[in-house]
Ligand SMILES: Cc1cc2nc3c(=O)[nH]c(=O)nc-3n(C[C@H](O)[C@H](O)[C@H](O)COP(=O)(O)OP(=O)(O)OC[C@H]3O[C@@H](n4cnc5c(N)ncnc54)[C@H](O)[C@@H]3O)c2cc1C
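Residue numbers (the numbering used here): 2 to 399.
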């Protein structure tokens, strides 16, 4: 049998899982090459804690090279400029990698442009990657010393509503601990039609729990809205409402990665890859995609666009499904189909010293099981998950 060249683009949740899983399946008979712009795997879910000084960088990062080298997975640190699906090549600036199979796991890019004045170096902060989280941390230290009104928001087109809630709750907790919460009235702004919609149409009684917590914490909320612009000390909503803000955190909307955007024939107009339920590209059967790179249609239309969160568990499940299907394709075995809506919903929303565990048998409705377990144990479960994740993945266990 021909030795296949399997290239994985990206080395975060989707790419890392796909590469390790593929290696376990195909062994040493085929070559696995991972290309990523940095060997560092950043555990993004913990960035909700980073601005408050609760995590050091080394607590939430590991180097993917040791687990890859131990398994004879080749890693190239490089920027992918584009994909050439007709010639089966992954292009860097002036060289290319040929492939027989490709897994696109290059995630997404924050779309700051749909909210003028937002994003790094401008008037709001974000926690989508370590660079912005560093800025958010610097500004937070200063803010707590001169506390004033604070706005926490998810922008129109966002998908990570959970992280906006987590940041709001954690910020409230930190402000209370510092004894300045009464000087820091908080407003939560979201395109969701109601609290707890999460881009998935809601989940069990999350709306009631969310509203109760917001009232208890004295956080005002504005739903079903988009942000027109962010100015130095205020946030302007699309209906003209102006919210004074001395610290503004906005979880942005997202578009596809540059590498997919530069490969017009591959992605849709937002730069996401449309796949079937095997995570295989519709037009290029040797190309698979997983995680944030995959297009997932919102389950319902909302007045303001709310995208579907591709959180880490579904991301890893997509990557494992794609890996199996490449293996199945090479050896003529039966493929696996895993519609996104059918993946289990597992999530923990942290609120500083408490939180809620969200457990469902399907990401999207209808569900047979949906359960929310609120309480302090949810906070500790999130911490335990972080520790387990960092240890297991740094050892190459997926
Ligand atoms: C603030 C925030 C909090 C979150 N909290 C949670 C949570 O609590 N629980 C949860 O389950 N999920 C959470 N998520 C979602 C989680 O982070 C995503 O599910 C996960 O990051 C998706 O992984 P991915 O591999 O698809 O994409 P990404 O993590 O975006 O990774 C893409 C990878 O591709 C690489 N790459 C991109 N372009 C190129 C290029 N051109 N050349 C080379 N390499 C490239 C990047 O460097 C990166 O390694 C959160 C997300 C955010 C933004």
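Using N, Cα and C, we set each Cβ at its ideal position, and we do this for glycine too.
Item: Look at residue 226 and residue 238 and say whether their C-beta atoms are less than 8 Å apart.; Value: yes
Item: Between the region 79 to 89 and the region 256 to 276, do at least 3 Cβ pairs fall closer than 8 Å?; Value: yes
Item: What I want to know is whether the C-beta of residue 252 ends up closer than 7 Å to one or more non-hydrogen atoms of ligand 1.; Value: yes
Item: For residue 249 and residue 152, which I take to be in contact (beta-carbon distance under 8 Å), what is that distance rounded to the nearest angstrom?; Value: 5 Å
Item: Curious, which full-length beta strand (DSSP E) runs of at least 3 residues does the region 328 to 375 contain?; Value: 346 to 351, 356 to 361, 371 to 375
Item: Return the bridge partner residues of residue 126 from the DSSP annotation.; Value: 250
Item: Taking buried to mean at least 16 other C-beta atoms within 10 Å of its own C-beta, is residue 383 buried or exposed?; Value: buried
Item: Could you tell me which residues DSSP pairs with residue 112 in its beta bridges?; Value: 254
Item: Return yes when the C-beta of residue 23 is under 7 Å from any heavy atom of ligand 1, and no when it is not.; Value: no
Item: Report back the beta-carbon spacing between residue 69 and residue 20 to the nearest angstrom; my notes put them in contact at under 8 Å.; Value: 7 Å
Item: Go ahead and pull the three-state DSSP assignment for residue 194.; Value: coil
Item: Check whether the Cβ atoms of residue 116 and residue 22 lie closer than 8 Å to each other.; Value: no
Item: Considering only residues of the same chain and omitting the five flanking positions on each side of residue 109, which have a CB-CB separation below 8 Å?; Value: 255, 256, 257, 258, 272, 273, 293, 294
Item: Is the beta carbon of residue 305 less than 8 Å from the beta carbon of residue 157?; Value: yes
Item: Does the distance from the CB of residue 232 to the CB of residue 124 come in under 8 Å?; Value: yes
Item: Are the region 349 to 361 and the region 157 to 172 touching by the rule of at least three beta carbon pairs closer than 8 Å?; Value: yes
Item: Just the Cα atoms here: how many angstroms apart are residue 361 and residue 202?; Value: 13 Å
Item: Only counting the same chain, and skipping five residues up and downstream in sequence, which positions put a Cβ closer than 6 Å to that of residue 59?; Value: none
Item: Measuring CA to CA, which of 386, 376, 391, 347 is closest to residue 370?; Value: 347
Item: To the nearest angstrom, report how far apart residue 63 and residue 39 are at their CA atoms.; Value: 11 Å
Item: Classify residue 51 as helix, strand or coil using the three-state DSSP reduction.; Value: helix
Item: So, with DSSP's three-state summary, where would you put residue 218?; Value: coil
Item: Give me the DSSP bridge partner(s) of residue 90.; Value: 85, 99
Item: Pick helix, strand or coil for residue 41, following the three-state DSSP scheme.; Value: strand
Item: Quick check on the burial criterion: 16 or more other C-beta atoms within 10 angstroms. Buried or exposed for residue 196?; Value: buried
Item: Tell me whether residue 314, by its Cβ, gets closer than 7 Å to a heavy atom of ligand 1.; Value: yes
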